Amino acid sequence: ITQPQEALTILFHKMLSLRAPPTSFNCRRFHAGALERRWRLGRDCFLSFSHLRGIGLGVRSAKSEMAPFTAAEEENLPEGLQPELMPKHVAVIMDGNGRWAKNKGLQPWDGHRAGVEALREIVELCGKWGIQVLTVFAFSTDNWIRPKIEIDFLLNLFERTLKSELETLANVGTMFFFFFFFFLRKKSKTLVFFKFSCLILKRHVLQLIVAVGYSGKYDVLQACRGIAQRMKDGEIEVEEIDERLIEQELETNCTEFPYPDLLIRTSGELRVSNFLLWQLAYTELFFAQELWPDFGRSGFIEALMSFQQRQRRFGGRKS
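Residue numbers for the sequence shown follow my numbering, beginning at 13 and rising by one.
Below, the structure is given as C-alpha cells:
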C-alpha cells in the first residue's frame with residue numbers, strides 16, 4: 013500500500029467487520045452506519061479510536077478473572093484527606109518532561125521516560141485511594157511540530173509502555189480507555205498508527221484514559237458535525253439539540269463520570285492548552301510548580317488537599 017488514504021480506507025472497513033464491544037463499557041455504542049456517517053463527514057486526518065471500541069485488538073488477560081481487592085491491597089488515605097470529598101475524576105496535563113531533562117543535561121526522551129515513571133506512581137495512588145477515573149494528556153495535536161526524532165521516540169514509548177504495563181495495571185484493577193487517533197501528516201505523507209488495547213475486568217477500581225493526539229477544539233467540532241449529520245439523516249430535530257446530545261458525541265462519553273472534578277497541570281504553566289475544553293466547565297484547577305517527573309506522591313496529596321478545601325457551587329450560591 014503506497015497511498016495513506018487507501019491504507020485508512022482498508023483499515024476502516026476491516027474495523028466494521030469486527031464484533032461489537034461488550035455492554036459493560038457503559039458507553040454509547042456506534043453501529044456501522046454511524047461509523048460510516050462519521051467517515052463521510054470528512055474528518056481529514058482524524059479517525060477517533062474511542063469510537064471504535066473492542067475492534068479486534070482487545071486483550072483479555074487472565075487477570076480479568078481476579079478476585080476483588082482485599083483490604084490489605086488498599087491503602088489508607090494520607091492524613092488530612094477525607095474519603096467522602098475525594099474527586100471521582102482527576103485529569104492531568106503532564107507538563108515539563110523536556111525542561112526536566114534539559115535542567116539535568118539530558119536528552120528530551122530521557123524526560124519522557126521519567127514522565128512514564130511518574131505516571132505509574134499516580135495511577136497506583138488513584139487505584140489505592142478510590143479515585144475512579146484518571147485522564148492524562150499524553151500528546152496533543154499541537155505537539156506534531158516538535159522535532160521528528162522526539163515524536164518518533166514518543167510514539168515508540170507509547171507502544172512499549174502499553175505492552176509492558178498491561179498486566180501490571182491489571183493487577184491493580186485498571187480498565188483502560190485510550191483516545192488514540194489516526195493522524196496523517198500531510199508534509200511527510202506518513203501514516204501514524206496507534207493500536208487500541210482494552211483490558212476488560214469484571215471489577216475495576218480505576219478507569220485510565222490516555223489522550224493521545226487529542227484536541228479539545230476538535231472534540232467539540234466533531235461533536236457538532238456528528239449532530240449536523242444526524243439532523244441531515246432525519247434522526248433528530250433542531251429542537252432536540254441540547255447539552256446532553258453534545259456530551260454524547262464527545263470523546264469522554266466512555267465513562268460514567270465524563271467531567272473532571274479536578275484538573276492538575278504541572279510545570280507552573282497557567283493554561284489548559286486545548287484539553288477537554290467543554291468538559292472543564294466546572295472543574296477545579298490546580299497548578300503545580302513541579303515539573304511532571306518531580307510531581308509524585310507529595311504533589312498529588314497537595315493537589316487533593318487543595319481540592320477538598322474548596323466549595324464547589326457550580327454557578328449557584330447558598331442563601
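Ideal placement from N, C-alpha and C gives every residue a C-beta, glycine not left out.
Here the structure is a predicted model, which means the values were calculated and not measured.
Per DSSP, reduced to three states, the secondary structure at Arg-242 is helical. Take Leu-303, set aside five residues on each side of it, and the residues of its chain with a beta-carbon closer than 7 Å to its own are Gly-108, Arg-111, Trp-112, Thr-278, Ser-279, in chain order.
Here Val-250 has Met-243 as same chain residues with Cβ atoms under 8 Å from its own Cβ, once five neighbours each way along the sequence are excluded. Under the DSSP assignment, Ile-105 falls in the beta strand (DSSP E) whose first and last residues are 101-105.
Between the segment 84-102 and the segment 131-143, the count of Cβ pairs shorter than 8 Å is three or higher; the stretches touch. In the DSSP annotation of this structure, the continuous segment of the beta strand (DSSP E) that includes Glu-296 starts and ends at 296-299.
Sequence-distant Cβ neighbours of Glu-133 in its own chain, meaning closer than 7 Å and more than five residues away, are Gly-308, Arg-309. In this structure Ile-276 touches Ala-315 by the C-beta definition: roughly 5 Å separates them, less than 8 Å. Shown here, Gly-139 sits in a helix according to DSSP, grouped into three states. Look at Phe-149 here: in three-state DSSP terms it is strand.
Using a 10 angstroms sphere on the CB of Gln-234, the tally of other CB atoms reaches 16 or more, which defines it as buried. The Cβ atoms of Pro-272 and Leu-257 do not sit closer than 8 Å to each other. With fewer than 16 other Cβ atoms from the protein chains shown falling within 10 Å of its own Cβ, Phe-326 counts as exposed. In this chain, the beta strand (DSSP E) harbouring Arg-277 covers 274-277.
Less than 8 Å divides the Cβ of Ala-103 from the Cβ of Thr-147. Bounds of the beta strand (DSSP E) holding Leu-218 are 218-226. In its chain, beyond the 5 residues on either side, Ile-276, Arg-277, Thr-278, Ser-279, Gly-280, Phe-307, Gly-311, Glu-314, Ala-315 have a beta carbon closer than 8 Å to the beta carbon of Ala-300. When the beta-carbon positions are compared, Leu-220 and Val-128 stay at least 8 Å from each other. Leu-167 carries a helical assignment under DSSP once its states are collapsed to helix, strand and coil. An exposed status is given to Tyr-294, since fewer than 16 other beta-carbon atoms sit within 10 Å of its beta-carbon. In the three-state reduction of the DSSP assignment, Gly-123 falls in the helix class.
If the five residues before and after Leu-131 are omitted, its C-beta is found closer than 7 Å to the C-beta atoms of Met-106, Val-148, all from its own chain and listed in chain order.
Straight through space, the alpha carbons of Pro-120 and Leu-169 are spaced by roughly 12 Å. The criterion of a C-beta distance shorter than 8 Å is satisfied by Pro-270 and Glu-259.
For Arg-309, the uninterrupted alpha helix (DSSP H) segment begins and ends at 304-320. The straight-line gap separating the alpha-carbon atoms of Phe-319 and Glu-91 is approximately 15 Å.
Residue environment for Ser-227: buried (at least 16 other C-beta atoms within 10 angstroms of its C-beta). Closest in alpha carbon position to Leu-282, among Phe-298, Glu-247, Glu-162, is Phe-298. In this structure, the straight-line span from the alpha carbon of Trp-156 to that of Met-317 is close to 35 Å.
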